[in-house]
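Residue numbers (the working numbering): 1198 to 1736. Below: one structure, written as structure tokens.
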Amino acid sequence: MYKSRKGYRVQNLSWIIILGLVSFLSAHAQTRDVQAQYTKNWKTVGPPKGTLMIIGGAASSDNYSYFMDLVGDPDASIVFVPTAGSVFDETNSAYTALLKAGARNITIIHTKDPAEANTEAFAGPLQQAKAVFIAGGFQSRLAAAYRNTLTHQWMFELLERGGVIAGSSAGASIQGSYLYGGVPGGVGPQYVGLGFVRQSAIGQHYIRRNRMGSVARILKTHPELFGFGVDEATAAVVHGDTLEVVGEGKVALYDPTRPDYAEDRLQEYLFPGDKYNMATRKITHRAEPTPQDLWTGGGKNWKDPTATWKTVGPPRGKLLLYGSAEVNRDALSHFRKALRSPKDLIVVLSTGNDDRRRENQRVVEELQKMGAQQVTLLHTINGEKANSRAFARALDDAKAVWICDSPGWQLADVYLHTLVHKKLFDVLQRKGIVGGSGAGAAMMASRLFGEPEKYGWHTGFGLIDKTMIVTASQNAKTLAAIEKIRKENPVLQHVILVEKSALIVEKKQIKVIGIDAIKIYKDNLKKTIVVSPGERYKF
């Protein structure tokens, strides 16, 4: 009996020791620096084994398909981490997107408790996983839950096995060593990421939300970091020292050691297919050659052609604005008939992803069906290319330009204050025509509205001076936003352009030619001027 009890006591004591050791190791795991432990022997900036896919948010179906190509097997085990967001089950949009991309073996892990993240029971799925996908939301939630835990450790071990870690939005920023967008405070644990890319700060939603310069501000106080910002539906794919861009947009690079790194040239851009060596800080491959014939009058050297205007509309030439965002055959027919000859050169101006390029190519085809003999598509997402004399040369002889309904923020990002922008004024000066629909029409104004304005894209092409074109639905929210902007910019005149309305703008007058009337808010929202089809309005 005594022997048995002694054996029991010894066995019980053994379990106490084991449990104590587990508790000690758990506590130790949360206090040690997992990132330093796994990267101290790396000879590369990114993982020497394994691959990272850093998506700038708003991941596209092509992004998810590319991730599955990296994984290499639809039946491979994928761990899905939704902690940054607010939907933690199979209804998470990123989870369903993975299923659509072909994933057949997904395990969800989620906790807000780092103690739980530090247990084998929680982190276990990572041991057999081939890949991890970290969904978007707030990156500080990811850092608070997983940094320096067993989960964090086993993510590094997944990379050491040659696995893939991908993340979108918050799931992108968390992969840096410095946590871009961490809890306000500037220093301390809240500004430390998971560190899959050493000595780095990673921005996301970077171009669309007009966050340019935010990474540069971090580097002012942390010049030892390598910084980059990834646009939406775009990914930086990292393996070893190589960063390659895939997707729809671009990646902004920030390197304080670059010889020409200065306030007026903080970032340089990579585009889809471009490659960069993060160790040497050099671009190693350009999918398209960098233009060498750049116009120097753009950017901060821009001189506003409207400074000498005595009219709101162009003193020479005319503008045709159509409310419909879709390719409208009636609008294109009217635009085509405004030209004197079918031989007149028409330039169709476009930007956006390849789907948008194909969609805007339809405008070219429609105009050709209508008898136009010379139609050229100018399309790029590269603002530097928009300053290339070779790229913009077609505008030298153009009698008309059609600005497509590309995203307003992207039209501003790519073309504003470039040689292409300057040549739009030249076309008008030659008594030519500039037309556009939807966002393309709104871009002709001096002030932007709606989503572009929300993210700080305020300035349009200014082909109509001191004016804002509003194509949004007329509701209380829209009117409140207009009133706010009007108070901040009292010189603006606000034109409401609805879907079935259309305008001709010349010198000091508007003529309505569409089916619906337009509304003009001149001084305040209580003074509404309605201009019906066939009527004219003088500014």
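In this text, a Cβ means the ideal position worked out from N, Cα and C, and glycines have one as well. Here the structure is a predicted model, which means the values were calculated and not measured.
- Query: So is Gln1570 buried or exposed if we call it buried at 16+ other beta carbons inside 10 Å?
  - Reply: Sixteen is the threshold: since fewer than 16 other Cβ atoms of the shown chains lie within 10 Å of the Cβ of Gln1570, the residue is exposed.
- Message: According to DSSP, is Thr1293 part of a helix, a strand, or is it coil?
- Response: helix
- Query: Hey, would you say Gln1372 sits closer than 8 Å to Ile1251, going by beta carbons?
  - Reply: yes
- Query: For Gln1706, does the three-state DSSP call read helix, strand or coil?
  - Reply: Strand, per DSSP.
- How big is the Cα-Cα spacing for Met1475 and Glu1650? Cα to Cα, the separation comes out at about 34 Å.
- Message: Using only the alpha-carbon positions, how far apart do Ser1411 and Gly1400 sit?
- Response: Each residue's Cα considered, the two are about 8 Å apart.
- Give the straight-line distance between the Cα atoms of Leu1218 and His1307, rounded to the nearest whole angstrom. Any reading at Leu1218 must be qualified, since the residue scores a pLDDT of 41, below 50, and its modelled position is unreliable; the value itself is stated next. One C-alpha to the other measures close to 25 Å.
- Message: Output needed for Ala1256: all residues of its chain with C-beta closer than 6 Å, excluding positions within five of it in sequence on either side, in chain order.
- Response: Ser1365
- Contact under 8 Å by Cβ, Thr1573 with Val1544: yes
- Task: Could you check if Ile1726 is buried or exposed, using at least 16 other CB atoms within 10 Å of its CB as the buried criterion?
- Result: exposed
- Message: Give me the residue from Ala1583, Gly1446, Arg1537 with the minimum Cα distance to Phe1468.
- Response: If we check each option's Cα against that of Phe1468, Gly1446 comes out closest.
- Ile1303 lies in the beta strand (DSSP E); which residues open and close that run? 1303-1305
- Is DSSP giving Asp1662 helix, strand or coil here? strand
- Message: Looking at the secondary structure, which residues open and close the beta strand (DSSP E) in which Met1641 lies?
- Response: It is not in any beta strand (DSSP E) - Met1641 carries neither H nor E in the DSSP assignment.
- Message: Please list the terminal residues of the continuous beta strand (DSSP E) segment that includes Ser1547.
- Response: Ser1547 -> beta strand (DSSP E) spans 1542-1547.
- Three-way DSSP call (helix, strand, coil) for Lys1200 in this model: Summary for Lys1200: the model assigns pLDDT 33, below 50, so the residue's position carries little reliability; its value from the coordinates is reported in the next sentence. Helix at Lys1200.
- Would you mind sorting Gly1382 into buried or exposed? The rule is 16 or more other CB atoms within 10 Å of its CB. Residue placement at Gly1382 cannot be trusted, given a pLDDT of 42 that sits under 50; what the coordinates show is reported in the next sentence. Flag for Gly1382 reads exposed.
- Query: Hey, out of Leu1249, Lys1674, Asp1662, whose CA is closest to Val1442's CA?
  - Reply: Leu1249
- Message: If I measure Cβ to Cβ from Phe1588 and keep anything under 6 Å in the same chain, skipping five residues before and after, which residues do I get?
- Response: Lys1582
- Message: Extract the residue ranges of the beta strand (DSSP E) inside the stretch 1615-1699, only unbroken runs of 3 or more that lie entirely within it.
- Response: 1630-1634, 1642-1644, 1661-1667, 1690-1693
- Task: With DSSP as the reference, please indicate the residues paired to Leu1518 in a beta bridge.
- Result: Gly1633, Leu1700
- Message: Quick check on Ala1398: does DSSP put it in helix, strand or coil?
- Response: strand
- How would you write the range of the beta strand (DSSP E) that Tyr1734 sits in, first residue to last? Secondary structure note for Tyr1734: its beta strand (DSSP E) is the uninterrupted segment 1733-1735.
- Message: Can you confirm whether the stretch 1701-1721 touches the stretch 1679-1690 when touching is taken to mean that 3 or more C-beta pairs between the two stretches lie within less than 8 Å?
- Response: yes
- Give the single residue among Ala1367, Gly1360, Thr1439 whose Cα lies nearest to the Cα of Ala1332. Ala1367
- Item | Three-state secondary structure assigned by DSSP to Gly1496 | In the three-state DSSP reduction, Gly1496 falls in the helix class (H, G or I).
- Task: Please determine, among Val1361, Thr1241, Arg1229, Asn1238, the residue with the shortest C-alpha to C-alpha distance to Gly1269.
- Result: Val1361
- Query: Nearest CA to the CA of Asn1579: which residue from Leu1491, Gly1731, His1436?
  - Reply: Leu1491
- Query: Does the distance from the CB of Glu1663 to the CB of Gln1690 come in under 8 Å?
  - Reply: Here the sequence assigns Lys to residue 1663, which means Glu is not the residue at that position. Closer than 8 Å, so yes.
- Unbroken alpha helix (DSSP H) run spanning His1349, endpoints: 1347-1357
- Message: According to DSSP, is Tyr1466 part of a helix, a strand, or is it coil?
- Response: strand
- Query: Just the Cα atoms here: how many angstroms apart are Ser1223 and Phe1353?
  - Reply: Confidence in Ser1223 is poor, its pLDDT being 46 and thus under 50, which makes the residue's placement unreliable; the coordinate value appears in the next sentence. Using only the alpha carbons, I get a separation of about 17 Å.
- Item | C-alpha distance - Glu1313 paired with Ile1303, whole-angstrom precision | If I take the Cα positions, the gap works out to 20 Å.
- Item | Residue closest to Arg1537, alpha-carbon to alpha-carbon, out of Arg1559, Gly1568, Gly1520 | Gly1568
- Message: Bridge partners for Ile1251 per DSSP, in chain order?
- Response: Gly1364, Ala1433
- Through-space distance from Val1624 to Trp1506, alpha-carbon basis: 16 Å
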